[in-house]
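Novice:
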Amino acid sequence: MIRVEQLYKSFGPKPVLQGVNLEILDGETLTVIGGSGCGKSVLIKHLVGLLRPERGQIMVDGVDITRLTEQELTKVQGRFGYLFQGGALFDSLTVGENVAFGIRHLKPMPQFLLERRVSETLAMVGLSGVEPLKPAALSGGMRKRVGLARAIAYAPRYILYDEPTTGLDPIMADVINELILDLQRRLKTTAIVVTHDMKSAYKVSNRLAMLYEGRIIQVGSPEEIQHTTNPVVRQFITGSSVGPIKVPMAGPMSGKSQ
Amino acid sequence: MKEGVRSVVEPPLRWLGERFLTLAEALGQVTKLFRQTITWLYKVEARNVMAQMVEIGVRSFPVTSLTSLFTGMVLALQTGFSFRKVFNEPLYIGSVVGLSLVKELGPVLTAVVVAGRVGASIAAELGTMKVTEQLDALYTLGTHPVRYLAVPRFIACVTMVPLLTVYADSIGVLGGFFVAFVRHGVPSSVFWDEIRLIKLHECYHGLIKSIAFAVIIVVTACYKGFTCGEGAEGVGRATTSAVVVSMVLILVSDYFLSAALVALGIGR
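Read top to bottom, the protein sequences are chains A and B. For the first sequence, my numbering begins at 4 and goes up steadily by one. For the second sequence, my numbering begins at 2 and goes up steadily by one.
1. With a cut-off of 8 Å, do at least 3 Cβ pairs link the segment 72-81 of chain B to the segment 177-188 of chain B?
2. For B:VAL55 and A:ILE183, I'd like the C-alpha separation in whole angstroms.
3. Tell me the rounded alpha-carbon separation between A:ARG6 and B:ALA261.
4. Please report whether the beta-carbon of A:TYR215 lies at a distance below 8 Å from any beta-carbon of chain B.
5. If you measure from the beta carbon of B:GLU203 to each beta carbon in chain A, is any gap under 8 Å?
6. For the segment 110-169 of chain A, list the beta strand (DSSP E) runs that are entirely contained and at least 3 residues long, ordered along the chain.
7. If you follow the alpha helix (DSSP H) that B:PRO108 is part of, which residue opens it and which one closes it?
8. At least one CB of chain B closer than 8 Å to the CB of A:TYR11: is that the case?
9. What residues in the segment 63-87 of chain A have a beta carbon less than 8 Å from any beta carbon of chain B?
10. For A:LYS259, name the three-state secondary structure that DSSP assigns.
11. Check the Cβ of B:LEU127 against every Cβ in chain A and list those closer than 9 Å, keeping chain order.
12. Return the residues of the segment 142-154 of chain B that lie within a Cβ-Cβ distance of less than 8 Å from chain A, sorted by chain order.
13. State yes or no: is the beta carbon of A:GLY105 nearer than 8 Å to at least one beta carbon in chain B?
14. Whole angstroms is fine: what's the gap from B:MET130's alpha carbon to A:SER95's?
15. By the 10 Å Cβ neighbour count, where 16 or more other Cβ atoms means buried, how is A:ASP64 classified, buried or exposed?
16. Quick one: which residues of the segment 91-105 of chain A get their C-beta closer than 7 Å to a C-beta of chain B? List them in chain order.
17. Indicate whether at least one CB of chain A lies closer than 8 Å to the CB of B:ASP137.
18. Could one say the Cβ of B:TYR140 lies closer than 8 Å to chain A's Cβ atoms, at least one of them?
19. Could you tell me which residues DSSP pairs with A:MET62 in its beta bridges?
20. Counting only beta-carbon atoms, is B:GLY18 nearer than 8 Å to chain A?
21. Measuring CA to CA, which of A:GLU26, A:PRO18, A:VAL19 and A:LYS43 is closest to A:GLU166?
22. Excluding five sequence neighbours on each side, which residues of the same chain lie with their C-beta closer than 7 Å to the C-beta of A:GLY258?
23. From this set, B:ALA112, B:LEU17 and B:ALA157, which residue's C-alpha is nearest B:VAL246's C-alpha?
24. Determine, using beta carbons only, whether A:LEU86 and A:GLY150 come nearer to each other than 8 Å.
25. Below 8 Å between beta carbons: does that hold for B:ALA125 and B:THR240?
26. Report the CB separation of A:LEU33 from A:ALA158 in whole angstroms; it is logged as a contact under 8 Å.
27. One question on the structure: do A:ALA152 and A:VAL207 come within less than 8 Å of each other, judged by their Cβ atoms?
28. Mind pulling the alpha helix (DSSP H) runs of 4 or more residues that sit fully within the segment 160-215 of chain A?
29. By DSSP, does A:ILE36 sit in helix, in strand, or in coil?
30. Taking only the alpha-carbon atoms, compute the straight-line gap between A:VAL35 and B:VAL159 and give it to the nearest angstrom.
31. Determine which residues share a DSSP beta bridge with A:ALA12 and list them.
32. Among the candidates B:GLU46, B:ALA157 and B:VAL75, whose CA atom is the shortest distance from the CA of A:ARG107?
33. If you follow the beta strand (DSSP E) that A:PHE93 is in, where does it begin and where does it stop?
34. Here's the rule I'm using: 16 or more other beta-carbon atoms within 10 Å means buried, otherwise exposed. How should A:VAL197 be labelled?
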C-alpha cells in the first residue's frame, strides 16, 4: 500500500504540491486527474523517488521513502514500473535491450530466461518479433507499448502510468486502455494512472482523485466522480471553460480568469 | 541620500552575489559528479566502455590526424623561415617542432579537437536523454545515470585522449619532417637526431596534461548534459556551453599545469 501524507513541493517560487494526502490500496487502479501543469506528474515522480519533497511523507509498504538514501531508494524503485509520457525508450538500445534493461539491473536472470521473458512481455503488449528494432523505427503507439513492456518486464508490484494515452489517436488510446485493464487482471498489480483524458480515466480506474491547486480535492469511484456536486471537479470532468477553475488566457484577456 | 547610494550600489552587488552563488552551486555539483564517477569506476560494464572508446578515440583519429599533420608542417615552415632570417640557415627545426608538439601543441590541440567533437556529442546526447525523460527512466530501472552514462565516458576519455595525443605528436613530427626535408632541405639525419634529443620526462609533461584535459572535457560535458535546460533550446545551449567552457578551461589550466609540472622538474 502507498500512503502520501501532507506532501509539499515547490519549484522556485511556484508551489506545485501544497499538502497532498492520498492512499493507494493494494490491487486497485487509482487515477489522478487534473488540468495540465497542476502537478500530477510531479506527484507520481515523488512516489518513485525521482523527486524529493520539501515536506511530507510517502509510505511505500510501511517505509517512508522520503528518508531513504539513493542506494536504499534503488531497492524500492525495483517495486515500481513506470510508463513515461513519451515512452522514454533508450535510443541507443534495441527494443529487446530496452525491455531487458530493468530485468538485467533489478532482477538478473540467465540469458535464455531473459530472452524468453522479453519475448513474452512484448507479446503481452501485442508486439511480437520487434526485439531487433531501434525505438526510432517505431510509431508513437508502439513506443508506448514498448515502454509498457519495459515497465512490467521485471514484474513490479506497482505500475505508474504518466499520461498513457496522450498524443495517441482514439483507437490507439483505447488499445492502451485495454492493455492497462488486461495487465491489471493478469498481473494483479497496483496501478496509479495520471491523465486528463476522462474517457480513459473512467475506463481503467477503480477510483479517481482530483488534484487541484496542489491538493487532492476529491477521491471517489468513477460513478461518484461522474455525479459529483463539487463545482471544480464538475467543471473539469465536463470540460467546460466556464466555472471556478482559473484558465490562464493569452492575448488581450491575459491575466483574467473565467 | 542613503537611499540614493543604496539604489546605486545594490543592483551590481546583487548581480555579483547571484553570479557567485550560481558558480558555487555549479562547482558543488561538478565536484559531486566527479566524486560519484570515481566511486563507481570499478562497477562499470566493459561493453559500454569499449563502445565509448570507439566513439571517443577511434572516430577522432581522422580529424586529429589532419590537425596535427598540418600543425607540424606549418611549425616547420615558419621555424625554417624565421631561423633562416636570423642564422642564415634553417637550424633547429627538429627540436622546435618536436618539443612544441610533445610538450604543448600535441596535448592542447588534441584536447581542443576532442572537446569540439566529443564534448559536444556527450553534452547533446545526455541533454537529449534528460529532456526525453530517459535519465528518469534509468533511475526507475535501478540504474544511476552517472554510473551508466558518465563512468564509461570518463574511462574512455581518460584513456583515449593521451593515446590520441601520442598519435598526434607522431603525425605532427612526420609533417614537420616532410616540410623540413622538402621545403628547407634539412637532411633527415639532422632532423631525427634533434628529435632523439627529446627526453622522456618532456613526453610525460605532455601526457600528464592530456590526462588533465581529458578529465576537464568529460566532466564538463557530462555536467552540462545532466543539467541541461528544457527542450531543443536547452540541449543547444548545453552543447555550446560544454564546448566553450571546456576549451577555455583547457587553455587556462594549460598555463598553470605547465608551470606546476616544470616546478616539479617534469619537462623542465
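Think of the CB as a built atom: it goes at the ideal place given N, C-alpha and C, for glycine as much as any other residue.
Specialist: Well, looking at it:
1. yes
2. Their backbone Cα atoms lie some 41 Å apart in a straight line.
3. 57 Å
4. no
5. no
6. 161-165
7. First-last of the alpha helix (DSSP H) with B:PRO108: 107-115.
8. no
9. GLU73, THR77, GLN80, GLY81, PHE83, GLY84, TYR85 and PHE87
10. Bear in mind that a pLDDT of 41 at A:LYS259, under 50, signals an unreliable position, so the model cannot answer this.
11. Residues of chain A passing the Cβ test: none, with the nearest at roughly 12 Å.
12. Taken in chain order, the members of the segment 142-154 of chain B whose beta-carbon sits within less than 8 Å of a beta-carbon on chain A are LEU142, GLY143, THR144 and HIS145.
13. yes
14. 10 Å
15. Exposed, by the Cβ-count rule.
16. ALA91, PHE93, PHE104 and GLY105
17. yes
18. It does; some Cβ of chain A falls within 8 Å.
19. A:ARG6 and A:ASP67
20. B:GLY18 does not count as touching chain A.
21. A:LYS43
22. With a pLDDT of 42 at A:GLY258, under the threshold of 50, the modelled position of that residue is not reliable, and the figure given next carries that caveat. Within the same chain, A:GLY258 has no close Cβ partners at all.
23. B:ALA112
24. yes
25. yes
26. 20 Å between Cβ atoms; not a contact.
27. no
28. 173-190 and 201-207
29. strand
30. 47 Å
31. Per the sequence shown, the amino acid found at residue 12 of chain A is Lys instead of Ala. Bridge partners of A:LYS12 according to DSSP: A:LEU20.
32. B:GLU46
33. Segment: none, A:PHE93 is in no beta strand (DSSP E) and carries neither H nor E.
34. buried
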